[in-house]
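Undergrad: Residue numbers (UniProt numbering), protein chains in the order written: chain A, 1 to 231; chain B, 1 to 231.
We put the beta carbon where it would ideally sit given N, CA and C, even for glycine.
There are 2 protein chains.
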Amino acid sequence: MDGNAQKVIGKETGSARPPAHELIYRKLREQILFGEIAPGQPVTIQGLTERLEAGMTPVREAIRRLIAEGALDFQGNRRVIVPLLTAENIAEIIYARQWLESDLGARATQRATPADLADLTRLDAALDQAISRGDLQAYLEYNYRFHARIYQMADAPILASMAEGLWLRFGPSLRVVCGRLGTQNLPDLHKDLLAAMRAGDAEAAARACQQDMLQGMEQVRGVLTPNAVSD
Amino acid sequence: MDGNAQKVIGKETGSARPPAHELIYRKLREQILFGEIAPGQPVTIQGLTERLEAGMTPVREAIRRLIAEGALDFQGNRRVIVPLLTAENIAEIIYARQWLESDLGARATQRATPADLADLTRLDAALDQAISRGDLQAYLEYNYRFHARIYQMADAPILASMAEGLWLRFGPSLRVVCGRLGTQNLPDLHKDLLAAMRAGDAEAAARACQQDMLQGMEQVRGVLTPNAVSD
DNA sequence: CAGTCGCAAATTTGATCATATTCTAGGGTC
DNA sequence: GACCCTAGAATATGATCAAATTTGCGACTG
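1) Could you tell me which chain A residues have their CB closer than 8 Å to the CB of residue 103/B, listed as they occur along the chain?
2) Measure from the C-beta of residue 164/A to each C-beta in chain B and report whether the shortest distance is under 8 Å.
3) Counting contacts by CB-CB distance shorter than 8 Å, is residue 216/A in contact with chain B?
4) Just curious, the alpha helix (DSSP H) that residue 176/B is in, first and last residue?
5) May I have the straight-line CA-CA distance separating residue 248/A from residue 156/A, to the nearest angstrom?
6) Would you mind sorting residue 118/A into buried or exposed? The rule is 16 or more other CB atoms within 10 Å of its CB.
7) Is there at least one Cβ from chain A nearer than 8 Å to residue 159/B's Cβ?
8) Give the DSSP-derived three-state secondary structure of residue 7/A in the structure shown.
9) Leaving aside the five residues before and after residue 58/B along the sequence, list all residues of the same chain whose C-beta is less than 7 Å from its C-beta, in chain order.
10) Run down chain A in chain order and give the residues with a C-beta less than 8 Å from the C-beta of residue 70/B.
11) Just the C-alpha distance for residue 127/A and residue 99/B, rounded to the nearest angstrom, thanks.
12) Just to confirm before moving on: does the CB-CB distance between residue 206/A and residue 76/A stay below 8 Å?
13) For the alpha helix (DSSP H) holding residue 80/A, just list the boundary residues, first then last.
14) What are the boundary residues of the beta strand (DSSP E) that includes residue 74/A?
15) Less than 8 Å between CB atoms is the rule here; does residue 89/A satisfy it with respect to chain B?
16) Answer yes or no: does any C-beta atom of chain A fall closer than 8 Å to that of residue 167/B?
17) Starting from residue 114/B, follow its DSSP beta bridges and name the residues at the other end.
18) Taking Cβ to Cβ, would you say residue 39/B is nearer than 8 Å to residue 72/B?
19) Within this structure, are the beta carbons of residue 197/A and residue 109/A separated by less than 8 Å?
20) Please list, in chain order, the chain A residues whose beta carbon lies closer than 7 Å to that of residue 64/B.
21) Indicate whether at least one CB of chain B lies closer than 8 Å to the CB of residue 92/A.
22) At 4 residues or longer, what runs of the alpha helix (DSSP H) sit wholly inside the UniProt domain "HTH gntR-type" (18-85) of chain A?
23) Does the beta-carbon distance from residue 171/B to residue 34/B come in below 8 Å?
24) Please report the Cβ distance between residue 219/B and residue 177/B, rounded to the nearest whole angstrom; I am assuming they are in contact, meaning their Cβ atoms lie under 8 Å.
25) Residue 200/A: buried (16+ other C-beta within 10 angstroms of its C-beta) or exposed?
26) What number of angstroms, rounded off, separates the C-alpha of residue 101/A from the C-alpha of residue 129/A?
27) Which value, in whole angstroms, describes the spacing of the CA atoms of residue 31/B and residue 48/B?
28) Any idea if residue 125/B is buried or exposed, counting beta-carbon neighbours within 10 angstroms, 16 or more meaning buried?
29) Assuming contact is defined by CB atoms lying nearer than 8 Å, are residue 66/B and residue 29/B in contact in what I supplied?
30) Would you say residue 221/B faces chain A, with C-beta separation under 8 Å as the test?
31) Are the beta-carbon atoms belonging to residue 169/A and residue 93/B less than 8 Å from one another?
32) Among residues of its own chain, excluding the 5 on either side of residue 276/A, which ones have a beta-carbon nearer than 6 Å to its beta-carbon?
33) Buried or exposed for residue 175/B, going by 16 or more other Cβ atoms inside 10 Å?
34) For residue 189/A versus residue 208/A, is the C-beta distance shorter than 8 Å?
35) I need the DSSP call for residue 216/B, collapsed to helix, strand or coil.
See the structure below:
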């Protein structure tokens, strides 16, 4: 297991070659996560093969994987769409994220290295810039990467995968919400969170994570809840 | 666009024939869940194609799906195994199941119909019989089906999928633990849970779910934790 | 006479298989 | 002990089959 003193590399064409289905998965995942594919929109295999210029098998595997993660929904007879969130779904996600985010935030704080904090600070600065220039796409991306970095720091693979799975579920709707509300009144409790992390206060970090999550999810709930549906 | 009011089904010959990859998935999932495939054991595609007498593509899709759910582990270089739980993994699962099981148990209690309670009572009786006759395989199966039925009653698809995903992670190890400890001193708090459900006491049901889960997971932790490792 | 409903053909899409290619691993040789 | 060679397994492609949705045509009804 540890005998990687020297690895024989005959050809240095590229020592790290991710498989095709992995690349397709990542690309499709990002397109779902950042709202390039809208909720309710059907996802077809043959459409993806032409769109991503890939073979059929890797596309199938990527779709199957995303269905298992909840990012796509298998509509009974062979039809696959990006799921639409109901009010009940949102309540479930909020409940789950309350526990997940607070624990992951606390664990990340306890394990944070200076390099971790520097990364988070950099991501948060990029996020602020995206907000100030009204770049929705960049905002969504940096916001996700900020939180994903925290999950990575927490060193809890199972909890992290659960949290990332939830992101895949509400990501598309988040795009819809932000597209409707604009980027002006986006809550940014990341400053509090970063301060708590720098101070090593795990409890305060957990509270900040929870509050940040709650504010975001309440906005989603407000827009998607059928109180005043127009179309 | 929205004219899908009723769906005309001409023939009910097979009502709904599940695709092959779905069948393979279910079969492989059960084999993992009930410990027919031990943790650490490699899972090969070609081995599955012969073992389950299926094509290569459906097997690939089923494996990919189970990897996404955490039931299988992709070992970097094309190797797939049933994952071994570490002590940290177990701690994460316990934390997640504490709030998942209690909430699902409470929701199930609030929504329980007489038919639901009859099903649970029947499953619990079958479970008792399996214990008394020392049938490990049947115990694992009925225990899972008992809890899965509760998840179904809770009417919370996202939380339920998270809970089922955790079952896939500790299922194989549960088999190992029970195989080593026997079925004598298995905790059975299902009676308390059923009583609380019949009384409509959601809070008591939540506590019972949590306690039942904790006792089971502590046994897993006790056996798998490397305090006194023999082999 | 026009509009609508229903049946059926056609197209689109998903599922499966056989096969070629590539990469990893293990054993043999220098 | 290190390097190469072979074998086996996984990855990826394209073709083919089956199913479902859509659409177009015709008949019936108001």
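TA: A quick look at the data gives this:
1) 95
2) No, its Cβ sits nowhere closer than 8 Å to a Cβ of chain B.
3) no
4) 157-181
5) Absent from the structure is residue 248/A, since the part of chain A shown begins at 1 and ends at 231.
6) Exposed: under 16 other Cβ atoms inside 10 Å.
7) Chain A, which has a Cβ nearer than 8 Å to the Cβ of residue 159/B, makes this yes.
8) Because the pLDDT of residue 7/A is 34, which lies under 50, any placement of that residue in the model is unreliable, and the question is left without a value.
9) 20, 21 and 24
10) 158 and 161
11) So the two alpha carbons sit approximately 32 Å from each other.
12) no
13) That residue, residue 80/A, is in no alpha helix (DSSP H); its beta strand (DSSP E) goes 79-81.
14) Taken as a continuous stretch (DSSP letters only), the beta strand (DSSP E) holding residue 74/A covers 73-75.
15) yes
16) no
17) Note: residue 114/B sits in no beta bridge, so no partner.
18) Residue 72/B is positioned such that its CB atom lies no closer than 8 Å to that of residue 39/B.
19) Cβ distance < 8 Å, so residue 197/A and residue 109/A count as in contact.
20) 61, 64 and 65
21) yes
22) Listed in chain order, the complete alpha helix (DSSP H) runs (minimum 4 residues) inside the UniProt domain "HTH gntR-type" (18-85) of chain A are 20-33, 45-51 and 56-68.
23) yes
24) 6 Å
25) Classification of residue 200/A: exposed, given that the 10 Å Cβ count is below 16.
26) 24 Å
27) 12 Å
28) exposed
29) yes
30) no
31) no
32) Summary: the structure shown does not reach residue 276/A, with chain A confined to residues 1 through 231, and so no result is reported for it.
33) buried
34) yes
35) helix
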